[in-house]
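Participant: One structure, as structure tokens, below. Some questions next.
In UniProt numbering, the protein residues as written are 1 to 54.
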């Protein structure tokens, strides 16, 4: 779960690093949101995946 949280934070940092005004560059509109979305997908998988118990 910490990996997913790290991806979410990294995506927001990437969006904040965009040099264009109001985040209208490639980093703010494309790459950052994709990283955030992948973090949320990873979190949902970590929560809902059944663990294999022997």
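The C-beta atom is built at its ideal place from N, Cα and C for all residues, glycine as well. If you're wondering where the values come from, they're calculated on a predicted model, not measured in any experiment.
Rounding to the nearest angstrom, what Cα-Cα distance links residue 18 and residue 32 in this structure?
Facilitator: Looking at the two C-alpha atoms, the distance is approximately 9 Å.
Participant: With 16 as the cutoff for other CB atoms within 10 Å, does residue 15 come out buried or exposed?
Facilitator: It is buried - the Cβ of residue 15 has at least 16 other Cβ atoms within 10 Å.
Participant: Note the first and the last residue of the continuous alpha helix (DSSP H) segment covering residue 25.
Facilitator: Run containing residue 25: none; DSSP gives neither H nor E here.
Participant: I need the boundaries of the alpha helix (DSSP H) containing residue 46, first residue and last residue.
Facilitator: That run of the alpha helix (DSSP H) goes 32 to 48.
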